[in-house]
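Asker: Residue numbers (our numbering), protein chains in the order written: chain A, 307 to 656; chain B, 1387 to 1712.
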Amino acid sequence: MESDLLKNILRDMLLARAFEERAAQEYATGNIAGFLHLYPGEEAVAVGVLRAAEPADYIVSTYREHVHALVRGIPATVVMAELFGKKTGCSGGMGGSMHLFDRERRFMGGYAIVGETFPIATGIGYAIALREQPEAVICFFGDGAVNQGTFHESLNMAALWKLPVLFVCENNHYQIGTEIHRHSAVTEVYKRASGYRIPAQRIDGMDVLAVHSATQEALAQIRAGNGPQLLEFETYRFRGHSMADPGSYRPKLEIQAYENEDPVKVAIAETLAVYPSTEQLAAVGVDNIERLQGHLHSGGQLTLEQLAAIKAEVSEEVEAAVRFASDSAEPTLADAEAALTCNRRGEVLV
Amino acid sequence: MVEQVYYWQALNRALDIELAADESVIVLGEDVGLFGGSYRVTDGLYAKYGEWRLRDTPISEGSFTGLAVGAAMVGLRPVVELMTINFALLALDPIINMAAKVPFMSGGQFPMPLVVRMPGGVAKQLAAQHSQRLEQTLMNVPGLRIAVPATPQDAYWQLRQAIRSDEPIIILEHELLYFSKGPLEVGLEAPPMHRAQVRREGTDLSIVTYSGMLDVSLRAAEQLTEKGIEAEVIDLRSLRPIDWDTCSASLEKTHRLLVVEEDSRFAGAGAEIAAGLTERCFFNLDAAPQRVAALELPIPFNASLEAASIPRIADIIAAAEKLCSP
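#1: Shortest alpha-carbon distance to Arg1633(B) belongs to which of Leu1671(B), Arg1651(B), Gly1654(B), Ala1653(B)?
#2: Between which two residues does the alpha helix (DSSP H) harbouring Asn314(A) extend?
#3: I'd like to know whether the C-beta atoms of Leu1462(B) and Gly1415(B) end up nearer to each other than 8 Å.
#4: For Leu1574(B), which residues does DSSP report across the bridge?
#5: Can you look up His603(A) in the DSSP assignment and give me helix, strand or coil?
#6: Please state if the CB of Val1460(B) and the CB of Ala433(A) are separated by a distance shorter than 8 Å.
#7: From what residue to what residue does the alpha helix (DSSP H) around Pro1538(B) run?
#8: Per DSSP, which one or two residues make a beta bridge with Val1465(B)?
#9: To test your reading of the DSSP string, which unbroken alpha helix (DSSP H) runs of 4 or more residues are found completely within the stretch 429-484 of chain A?
#10: For the stretch 468-476 of chain A against the stretch 427-444 of chain A, do three or more pairs of beta-carbon atoms, one drawn from each stretch, fall closer than 8 Å, so that the two count as touching?
#11: Output, in chain order, the set of chain B residues within a Cβ distance shorter than 9 Å of Asn462(A).
#12: In the DSSP output, what is Pro1569(B) paired with across the bridge?
#13: Identify, in the order they occur along the chain, each residue of the same chain with its Cβ nearer than 7 Å to the Cβ of Ser1603(B), setting aside the five sequence neighbours on each side.
#14: Compile a chain-ordered list of the residues in the stretch 1548-1560 of chain B whose CB is closer than 7 Å to at least one CB of chain A.
#15: List, in chain order, every chain B residue whose beta-carbon is nearer than 7 Å to that of His405(A).
#16: Would you say Pro1686(B) reaches chain A, if we count a Cβ-Cβ gap shorter than 8 Å as a contact?
#17: Under a CB-based cut-off of 8 Å, is Gln1544(B) close to chain A?
#18: Cβ of Phe1418(B) less than 8 Å from any chain A Cβ?
#19: Does Asn649(A) get closer than 8 Å to chain B when you measure Cβ to Cβ?
#20: In chain order, what residues of the same chain lie with their CB nearer than 6 Å to the CB of Gly1656(B), ignoring the 5 residues before and after it?
#21: Identify the contact partners of Asp1649(B) in chain A, using a Cβ-Cβ distance below 8 Å as the criterion.
#22: Since I believe Gly347(A) is in contact with Tyr542(A) (beta carbons under 8 Å), could you give me their beta-carbon distance rounded to a whole number of angstroms?
#23: Can you pull the chain B residues whose beta carbon is under 8 Å from the beta carbon of Ser397(A), in chain order?
#24: Given that Gly455(A) touches chain B, what residues does it touch there, using C-beta distances under 7 Å?
#25: Could you compute how far the alpha carbon of Lys1510(B) sits from the alpha carbon of Leu1431(B)?
#26: In the structure shown, what three-state DSSP assignment does Glu1521(B) receive?
#27: Report yes if the CB atom of Ala520(A) is closer than 8 Å to the CB atom of Leu536(A), and no otherwise.
#28: Which residues mark the beginning and the end of the beta strand (DSSP E) in which His372(A) is found?
#29: How should Thr609(A) be labelled, buried or exposed, when 16 other C-beta atoms within 10 angstroms of its C-beta is the threshold for buried?
#30: May I have the straight-line CA-CA distance separating Gln507(A) from Cys475(A), to the nearest angstrom?
#31: Answer with yes or no whether the minimum CB distance from Asn1526(B) to chain A is below 8 Å.
#32: Just to confirm before moving on: does the CB-CB distance between Ala1541(B) and Tyr1393(B) stay below 8 Å?
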């Protein structure tokens, strides 16, 4: 993998982690309210997938979408401002944490009713197919969403009409507090796609490089006109479902096991040019040492100094985002009215 | 040139013109393509525009309506046909949670040039699951607009206006109106989409109604003349927004309000119409506004019970007489 891309991937992951942890602090101090669903633990999925996408592709996301927005290139300032409910936010303060939108970057929104991303993405795919464009739609969803009717209805239509949609399952194993084996008769999400003859795979979602290359391959298939694809990334959220959820239904051992595979640490290890220390090797777990070494020999290119510089950079970026959000004005009721009616284009109703 | 056409033909004409004028217009729904539509509204259009623009969908109301929302976000102008409003209950998430919310929640970034057409109302012995009206369910959703055309001319005008609008619009049709005939003049300039129209002038009371109840109300008004009562009949043409000014102007003249709706009475459309006009016209009213509405019953299958469940001419006459008695 080329060095710039690797560095960008690492930077994205570090920014994602720093942004989310800072958002949690701002929530604790009361600057952010409402529902706040954080992403730590799942960074490899958003970063690996979206770094494989083209700027012309469309992104449809869920309510846990801050990191998708950041990786897509929406500045941290306007994402944080939206979390604060400010006028300068990417949705003008009308959407909040769960509804980030950016038309210019083809970020088609975060949807907070589970299962809504399927039809939205399928509709965008329909428009692309009708216009015969070389674009694709990336449709994020969680493991809990696959038991909604929209999953099955939309996969059927996407396959039937060969729509250019990449369905991306972020399987973090829990729908809020219910573990996957308690909500799904078939716990391998990717197998469900076979009911619609959609090619699907399960990939390690803690390994950003594996996520990236699987996404590249799937998008290549889609652009070749072969219709939709589904990728299931097994991942884990380190925090509860939202800030209102301590996540206490999960065994400590399970959380620790996944923390040992922290995707950010894995990515750092994969990117660094230095051979990992004994402690680092022990920390990634026996199963991963071989994989880690493999990446090192083929890809590692970053020095410790460069890593420290990136960390300082993303930290300052997040601080600047918080300052921007704090200093921004609140939207007015007139702004709300305008958001609702600005597409009327002078149409006279009565 | 004025033609006499069926209501479905007027809708068909509107679709044909808009499909021809703009390549981004598409039609989606069950049997809208090869079959030509359950009420013939898309008759002949599949052959003319092809399957990508006249898309027969699986029976997945929630997801093909949601698909239309996604398509509208990237500039298509989808016209969704739901076979009946009863099936729209399966599509309320895309209509209410997506179409009505996305333009707003995105801070106005995404227009929503989406039309969802569906017939509601009581037809002939279709039983409770196929005889709902439900307009009040959609009326309480900021961000939606609802047109209720009662004539072929309005069906033609309002569908064309809806397709050209960048806001999500429900066209609420009526199963019994599809095969009613009326004049259509294609070249006639349309009034604003949501403006009400006085269909009959009168001096003694104002009957405010819409959709399938317009014809029933007009016939009641004719019979009221024999009893010395001249009713003004207003066709709302729209349930969101409501053209209050046209109604208020009428009440300034008649001082009495009778709302006629096919929906069941409790918390129905008539409740909003009566409340809105009472707020605006209280000091102009000589009597408390009255409503003639359907009974608080799921619609029975039996023909005579079905007929007794919704407003009949006699019900309107009786209510008007009572309202006008000193």
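Glycine included, C-beta positions come from ideal geometry on N, C-alpha and C.
Answerer: Looking at the atomic coordinates:
#1: Residue identity differs from the one stated: residue 1633(B) is Cys in this sequence, not Arg. Comparing Cα positions, the closest option is Leu1671(B).
#2: 309-334
#3: no
#4: Leu1574(B) pairs with nothing; no bridge assigned.
#5: Low per-residue confidence applies at His603(A): pLDDT is 42, beneath 50, and the placement is therefore not dependable enough to give any value.
#6: yes
#7: 1538-1550
#8: Val1413(B), Val1501(B)
#9: 455-466
#10: yes
#11: Pro1444, Ser1446, Ser1449
#12: Gln1390(B)
#13: Ile1593, Thr1595, Val1619, Val1646, Ile1702
#14: Ser1551, Asp1552, Glu1553
#15: Met1491
#16: no
#17: no
#18: According to the sequence shown, residue 1418(B) is Val rather than Phe. No, its Cβ sits nowhere closer than 8 Å to a Cβ of chain A.
#19: yes
#20: Val1645, Glu1647, Arg1677, Ala1679
#21: Neighbours of Asp1649(B) on chain A: none; closest Cβ ~22 Å, over 8 Å.
#22: 5 Å
#23: Met1491, Ser1492, Gly1493, Gln1495
#24: Gly1448
#25: 28 Å
#26: helix
#27: no
#28: From DSSP, His372(A) is part of no beta strand (DSSP E) but of the alpha helix (DSSP H) over 372-377.
#29: exposed
#30: 10 Å
#31: no
#32: yes
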